[in-house]
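Step one of this worksheet: look at the structure below.
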Amino acid sequence: MTMFDDRERAFEAKFAHDEEMLFRVHARRNRLLGQWAAERMKLTQAEAEAYAKSVVHTDFEEAGDEDVVRKLLGDLIAAGVDVNEDEIRTALDAKAIEARRQLMGEV
Numbered sequence: 002m003t004m005f006d007d008r009e010r011a012f013e014a015k016f017a018h019d020e021e022m023l024f025r026v027h028a029r030r031n032r033l034l035g036q037w038a039a040e041r042m043k044l045t046q047a048e049a050e051a052y053a054k055s056v057v058h059t060d061f062e063e064a065g066d067e068d069v070v071r072k073l074l075g076d077l078i079a080a081g082v083d084v085n086e087d088e089i090r091t092a093l094d095a096k097a098i099e100a101r102r103q104l105m106g107e108v
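When you read off a place in the sequence shown, starting at 1, and then add 1, the result is the number in the working numbering.
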C-alpha cells in the first residue's frame, strides 16, 4: 500500500508544480504584455512598470484572458493607439512564449 501512497504523493506534487509554473507563466506573460502596451502608449518607465503590474492584477478579475484583452484594448484605444483585438491576442501569444522561455531559463 505504501507504493500506491508514494505514487499518489508524487502525482500530487507534480500537479502542484505544474499549476505553479502555469501561474508564473501567466503572470510573467501579463507583465510582458503590459510593458508592450505601455511602450505603444509611450509611457515613462515608472508609468510602464505600474501599468504592467495593473495588467497582472487585472487577470485575477475573471477566468481566462478576456479581462486582460478588454483592459489592453480599452487603454490603448483611449491613449490614441491604432490597435485591434487580433493584434492584442497575437501579442498575448508571443508574450506567453517569451514568458515560458524566460522561466525555463531560470530553472
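In this text, a Cβ means the ideal position worked out from N, Cα and C, and glycines have one as well.
>> For D76, count the other beta carbons within 10 Å of its own beta carbon; 16 or more makes it buried, fewer makes it exposed. Which is it?
In response: Translated into positions along the sequence shown, residue 76 becomes position 75. Buried, because 16 or more other Cβ atoms sit within 10 Å of the Cβ of D76.
> For the alpha helix (DSSP H) that contains K96, what are its first and last residues?
Replying inline: The count along the sequence shown starts at 1 and reaches residue 96 at position 95. Run containing K96: 86 to 107, per the alpha helix (DSSP H) assignment.
> Comparing alpha-carbon positions, which option in D7, R30, A80 lies nearest R101?
Replying inline: Position 100 of the sequence shown, counting from 1, holds the residue named residue 101. Nearest of D7, R30, A80 to R101, Cα basis: R30.
>> According to DSSP, is G81 part of a helix, a strand, or is it coil?
In response: Taking the sequence shown and counting its residues from 1, the one referred to as residue 81 is at position 80. It is coil, neither helix nor strand.
> When DSSP labels each residue in this structure, what does D19 get in the three-state scheme?
Replying inline: The residue you call residue 19 lines up with position 18 of the sequence shown. It is helical.
>> Assuming contact is defined by CB atoms lying nearer than 9 Å, are V84 and K72 in contact in what I supplied?
In response: Counted from its first residue, the sequence shown places residue 84 at position 83. Counted from its first residue, the sequence shown places residue 72 at position 71. Contact: no.
>> Considering just the uninterrupted stretch of the alpha helix (DSSP H) at K1, what are its terminal residues?
In response: With the chain represented from 2 up to 108, any question about residue 1 goes unanswered, as that position is not in the structure.
>> Among H27, Q103, A39, whose alpha-carbon lies nearest the alpha-carbon of D66?
In response: For the purposes of this step, residue 66 is identified with residue 65 of the sequence shown, where counting begins at 1. Per the Cα distances, H27.
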